[in-house]
Structures are given as structure tokens and as C-alpha cells.
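Report on the structure given below.
Protein chains: 2
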Amino acid sequence: MPLKGVRLIVSYDGTEFSGFQLQPNQRTVQGAIEEALRKISGETIRIRFAGRTDAGVHALGQIIAFDTYRELRMRNWVFALNSNLPHDMAVCSADPCEPGYEPRHDAVDKTYLYLMHTGVVRQPLLRNRVWHLGKLVRRDFPDPASLNGATSGLDVQPMQQATQRLIGTHDFGAFRASDDTHKTTVRTIHYVRLIENYYASPDILGIEVRGTAFLKNMIRIIAGTLVEIGRGRMTIEQFEGLLEPGADRKKAGETAPAHGLTLVSVTLGRQRQKTKSEV
Amino acid sequence: MPLKGVRLIVSYDGTEFSGFQLQPNQRTVQGAIEEALRKISGETIRIRFAGRTDAGVHALGQIIAFDTYRELRMRNWVFALNSNLPHDMAVCSADPCEPGYEPRHDAVDKTYLYLMHTGVVRQPLLRNRVWHLGKLVRRDFPDPASLNGATSGLDVQPMQQATQRLIGTHDFGAFRASDDTHKTTVRTIHYVRLIENYYASPDILGIEVRGTAFLKNMIRIIAGTLVEIGRGRMTIEQFEGLLEPGADRKKAGETAPAHGLTLVSVTLGRQRQKTKSEV
Numbered sequence: 000m001p002l003k004g005v006r007l008i009v010s011y012d013g014t015e016f017s018g019f020q021l022q023p024n025q026r027t028v029q030g031a032i033e034e035a036l037r038k039i040s041g042e043t044i045r046i047r048f049a050g051r052t053d054a055g056v057h058a059l060g061q062i063i064a065f066d067t068y069r070e071l072r073m074r075n076w077v078f079a080l081n082s083n084l085p086h087d088m089a090v091c092s093a094d095p096c097e098p099g100y101e102p103r104h105d106a107v108d109k110t111y112l113y114l115m116h117t118g119v120v121r122q123p124l125l126r127n128r129v130w131h132l133g134k135l136v137r138r139d140f141p142d143p144a145s146l147n148g149a150t151s152g153l154d155v156q157p158m159q160q161a162t163q164r165l166i167g168t169h170d171f172g173a174f175r176a177s178d179d180t181h182k183t184t185v186r187t188i189h190y191v192r193l194i195e196n197y198y199a200s201p202d203i204l205g206i207e208v209r210g211t212a213f214l215k216n217m218i219r220i221i222a223g224t225l226v227e228i229g230r231g232r233m234t235i236e237q238f239e240g241l242l243e244p245g246a247d248r249k250k251a252g253e254t255a256p257a258h259g260l261t262l263v264s265v266t267l268g269r270q271r272q273k274t275k276s277e278v
Numbered sequence: 000m001p002l003k004g005v006r007l008i009v010s011y012d013g014t015e016f017s018g019f020q021l022q023p024n025q026r027t028v029q030g031a032i033e034e035a036l037r038k039i040s041g042e043t044i045r046i047r048f049a050g051r052t053d054a055g056v057h058a059l060g061q062i063i064a065f066d067t068y069r070e071l072r073m074r075n076w077v078f079a080l081n082s083n084l085p086h087d088m089a090v091c092s093a094d095p096c097e098p099g100y101e102p103r104h105d106a107v108d109k110t111y112l113y114l115m116h117t118g119v120v121r122q123p124l125l126r127n128r129v130w131h132l133g134k135l136v137r138r139d140f141p142d143p144a145s146l147n148g149a150t151s152g153l154d155v156q157p158m159q160q161a162t163q164r165l166i167g168t169h170d171f172g173a174f175r176a177s178d179d180t181h182k183t184t185v186r187t188i189h190y191v192r193l194i195e196n197y198y199a200s201p202d203i204l205g206i207e208v209r210g211t212a213f214l215k216n217m218i219r220i221i222a223g224t225l226v227e228i229g230r231g232r233m234t235i236e237q238f239e240g241l242l243e244p245g246a247d248r249k250k251a252g253e254t255a256p257a258h259g260l261t262l263v264s265v266t267l268g269r270q271r272q273k274t275k276s277e278v
């Protein structure tokens, strides 16, 4: 039997995973999927993937590839994997690829979504999915007459302006974790959108970002910095200054919590001509 | 200090509760809130509520009332309770009421939402919130070309027609759990709506129902029966027959799972003149 490549689109709720990558004695996304593959194929399979996600970060369209000698129709990989994966993970589709196919090298860009809840009172049903900004994020915001339905008073209009400044190629040195090890901090953002009424809910605000590659915590720091603007504690000019080479991380906002972030999709393309969609 | 009544709007994720009502050695909504009230007031407080919810059922607007000697501004009851409640519960608002006020007697009607996921592949981020109908609920539905984004092929149009038949006063004897103990099975539904694209998602279908009172599992059996219609296994005429006195429970659909159901709100009114909104 020849070695075959399989490429998956995978979705997971990051809440109960200690991140993506395999770690001894930790529940990880990679560990869960390699265990399911071992059960189905009887082989020890090491997966490749488009990009790691931090602990607590979710995915709707992570790309995972692996090689196997096991003969299975593509749709049956989907059903077999979903029968063997825990309920906080699912495989959405499978298609064939070259053995050794590397999603990381094939990724043209990635789209992330960051969700914020602007209601004063937390929303239990969304607690692992959105960043709850909490009570009165703007200091000058008056006490609401009723807490039920009251919002934190974020001013969305300057946040909208700031998101447009992110588009293009900039030095994102002020938007990375202190332990980020990338050599260059220049990155290109193709598209950003601040979405009000996310989930058709008046108090959910989404930030959708598409770019070639990102620094560690980059989107979470962008989210934290946009909130500073919405609170009236940072001007658009100050925000633009953060996109200049040598800008100070300390002048940007806080790193927004991981659970508000979702990897929505990965655009593949560099090696697309080699694969054909079957399922 | 005089005894005072406090009325709360409460939200919870039912996933990790063994239902609403107090049970020894079980984690219940009532148990969690009475424990938080004990910590804040130092008193042993027994709550009253608009209606119990089953294990796994969620609430956005449950009504809870209690009496206390503790002096606290209404908004501070909200903040103190939210600091002492687990993260899968929240108090949205508090307002004063008469001591002894009974939300159950004051409830004019209740609105419930039942959510269904019609995608073929399960959605991990919604797993505790929606009923995943799974693969190919209609027998005649062709194999989808790709599983990613494929739907279970539910036919929504006859489901829309059927929901309209529910409005008004009917004998819901075929729509109750076998252990339901109500003496009369006649109930009145004021409003029903089948909502496509719930959460702005093409594969989420919602059923919103408002009525005076409900039999045990009534909405979950309505949801299960509407799916039979959407699958093409029940006609509108058969559905109408189920609303006649003496109709057979076995001819209705299955009881849809608890985790798809949410108590959205309770309309209060009978005693409204006695209360004034302060927070």
C-alpha cells in the first residue's frame, strides 16, 4: 500500500485544551487528534498543521495534514475521526494531498476573530468565547439607570477608524509578547473589520483580521489596544505611533484574554494545484 | 430592620447544573444562589422562582425573589451576587418587591428558545447550546459533495406552517413527558416563531415559543415533532391531529435534548403595581 496524504479542516473549543502542540501529560489538540488517528489506523502518526494556537484559543478552520498507509474514503476519515475525537473537537472535511504536504508552507494567509462583550453584567452562556469588558470601561461613563442591558460605553467610532490604520505593511514590534522570538516584526494585514452586533447581539463586538502571518499575541494586543481607544484613553494619532518602527510595547494596550480569540480560516494556495478536492 | 423583598433577573448555563431545584449533594442553580445569598447576608435564605428548569436547560431571564433583613442598594445586590456566584451564573438586575412576593404567581407568560444545528458535522463551540441533528436527517437527501458546510437537509417551509398551527389553546396531551402530573393538558400558546439563520449562522434554526404555562418537556417534544415534519416523515394534517384531545404521545416526535432549550424571559405583571424599578 502506498503512503497517502490527508488534509483536514478542524474545529475546536480551546477552553479545555492546554494549547495546540503536544506536551507530555497535558490535554492538547495535537495529542487528541494523534490519539484518534492511532485508533483508526493502527499507525503512529505525527500531524502537521497551519499554525499553533495558544491555550484557550478556539478554531473553526485549523488545517491539519498527515500521512498514512490506511485506505479509507475521504468522507470516512471525517466520520471515523469524529467518532474517536472528544466532543470539543470536530473534523469538518478531509481531502487528499501529497505525502509530506506542509499546511504551514501552503498557507497564504489566516483569518482570526476576536470577540468582546460590552454588557456590564457577564453573560454565562458566552463566558468561554468572548472577552467580558465588565463594568464601566470608560471612566466618564454615567451610572446606567438599570444594569440589565447596560453596556460598558465603548465608543466604537474611533475604534473603527483605528482598525483601518492597521491595513498594510507595518512594524508590529509594539504588538508582540515579550517572549516572541521572530527576527523581523514587520507584518502585512490585508483586511480588518470591526463588526457590531456580532451573533446579532447588540453587546457583542467582533474584530476580524486577515494577514499573512502574525507575531505572538499580536491580535490579542491589537484587541486590547483598540479597547483603550474605545475607552477614550488613546487617540488615533497615538495608535498610529505604535505602528512605527521602535514603538514601545508598554504604550500599547493589554493582551486581551485568549478565550476571546478564534482562528476562523486559513487560505491555502501555494500548493493547491497538487491537491484535488474529493470530499 | 424591616424584612425586604428583592427580585432578580438571573442567567445561567445549565450544562454543569443538575437542574434548578435544590437537591442534596447536587450542584443546582437554587443551591448556588442560596449559598451566595448566605455569604452576603449571613442569613439562611430560601428563594422563590418563576419556574424550574431541567438539568442542562439554560436561562437568560429566570426570575428569582427572596426576603432579607440585609440593607443593600439594589445595584450592590447585583455586584455582590456576581462576585459570589460561579462563572456559569450571573445576576442581570435587582429590584425591590414586597416580602413574600411569588414570581410564579406573578408570571403572565414565559418565552423559551429551542436551538437546532442543521450542519452535518458537529460544531464544538456550540455543543452545549444547540441540538445537533447530525448526518442526513432526511432519508431521501443526497450525499453532499463536501461535508464542510453540508446541512442535514431539513425542509423548513412545512415546519414554518406547523408552528403556526400551535398558536392558540389546544390539548397538548401528546406533547408531555410520561411522568407529567398536571391535571389538565390544555395550554395556550400566544406566539411561535421558527427563526432561520439564528446567531446569523446559516445552519442554526431557532424555535421561539411564548405561552402562559407548559407541560413537562412540552417544548422539547414540540421541537422533536417539528423535526419529523422537516424530515418529511410527518404531514401538517398528522401534526394537527396531535393537537386534538386524546392524541397519542407515541405519534409525536422524540423529546429533543435539554441542552438546546433556553428560558429567555418571563413576563411579569399580575403584581407589577406593587413593585417599583430602582436598578
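Protein chains in written order, with numbering that gives the first Met the number 0: chain Z, 0 to 278; chain W, 0 to 278. Virtual Cβ for every residue (Gly too), placed ideally from N, Cα, C.
Self-check item: Sequence ranges, beta strand (DSSP E) only - wholly within the region 196 to 255 of chain Z, length at least 3
Solution: 203 to 210
Exercise. Kindly indicate the opening and closing residues of the alpha helix (DSSP H) around M0/Z.
Key: Here M0/Z belongs to no alpha helix (DSSP H), and DSSP marks it neither H nor E.
Exercise. Return the Cβ separation of T184/Z and F171/Z in integer angstroms, given the expectation that the two are a contact with Cβ distance under 8 Å.
Key: 5 Å
Quiz item: Thinking C-beta only, is A79/W closer than 9 Å to I32/W?
Solution: no
Quiz item: Can you tell which of S92/Z, H57/Z, V77/Z and Y197/Z has the C-alpha that lies nearest to the C-alpha of F16/Z?
Solution: H57/Z
Quiz prompt | Distance CB(R186/W)-CB(R248/W) smaller than 9 Å | solution = no
Quiz item: Using the beta-carbon count (16 or more within 10 Å), is S276/W buried or exposed?
Solution: Only weak support is given to the placement of S276/W: the predicted model assigns it a pLDDT of 47, under 50, and the question is left unresolved by the model.
Quiz item: Is the Cβ of L112/W closer than 9 Å to any Cβ of chain Z?
Solution: no
Practice problem: Evaluate the contact criterion for the region 99 to 110 of chain Z versus the region 19 to 31 of chain Z: three or more CB pairs, one atom per stretch, below 8 Å. | Solution: no
Self-check item: DSSP state of V119/Z mapped onto helix, strand, coil
Solution: coil
Practice problem: Report yes if the C-beta distance between V129/W and T150/W is below 9 Å; otherwise report no. | Solution: no
Quiz prompt | Interface flag, R209/W vs chain Z, CB-CB below 9 Å | solution = no
Quiz prompt | beta strand (DSSP E) segment containing L267/W, residue limits | solution = L260 to L267
Quiz item: Could one say the Cβ of Q122/W lies closer than 9 Å to chain Z's Cβ atoms, at least one of them?
Solution: yes
Quiz prompt | Within-9 Å CB hit, H189/W to chain Z | solution = no
Exercise. Give a yes or no on whether 9 Å exceeds the smallest Cβ distance from C91/W to chain Z.
Key: yes
Exercise. Give a yes or no on whether 9 Å exceeds the smallest Cβ distance from V77/W to chain Z.
Key: yes
Quiz prompt | Burial state of D178/Z, where buried means 16 or more other Cβ atoms lie within 10 Å | solution = exposed
Quiz item: Shorter than 9 Å from the beta carbon of R126/Z to some beta carbon of chain W?
Solution: yes
Quiz prompt | Contacts around T43/Z, its chain only, beta-carbon distance under 7 Å, and the 5 residues preceding and following it disregarded | solution = R37
Quiz item: For D202/W, which residues in chain Z fall below 8 Å Cβ to Cβ?
Solution: Under the 8 Å cutoff, chain Z gives no residues; its nearest Cβ is about 12 Å from D202/W.
Exercise. Spell out a yes or no on whether the region 158 to 173 of chain W and the region 78 to 97 of chain W are touching, meaning 3 or more CB-CB pairs, one atom from each, closer than 8 Å.
Key: no
Quiz item: Straight-line CA distance for N75/W to N216/Z?
Solution: 36 Å
Exercise. Identify every residue that forms a DSSP beta bridge with V56/Z.
Key: None; V56/Z has no bridge partner.
Quiz item: Y68/Z: buried (16+ other C-beta within 10 angstroms of its C-beta) or exposed?
Solution: exposed
Quiz item: Whose Cβ in chain W lies nearer than 9 Å to the Cβ of A161/Z?
Solution: The premise fails here: A161/Z is roughly 24 Å from chain W at the closest Cβ pair, so nothing lies under 9 Å.
Quiz item: CB P98/W to CB D53/W, shorter than 9 Å?
Solution: no
Self-check item: Beta carbon proximity, H258/W to chain Z, threshold 9 Å
Solution: no
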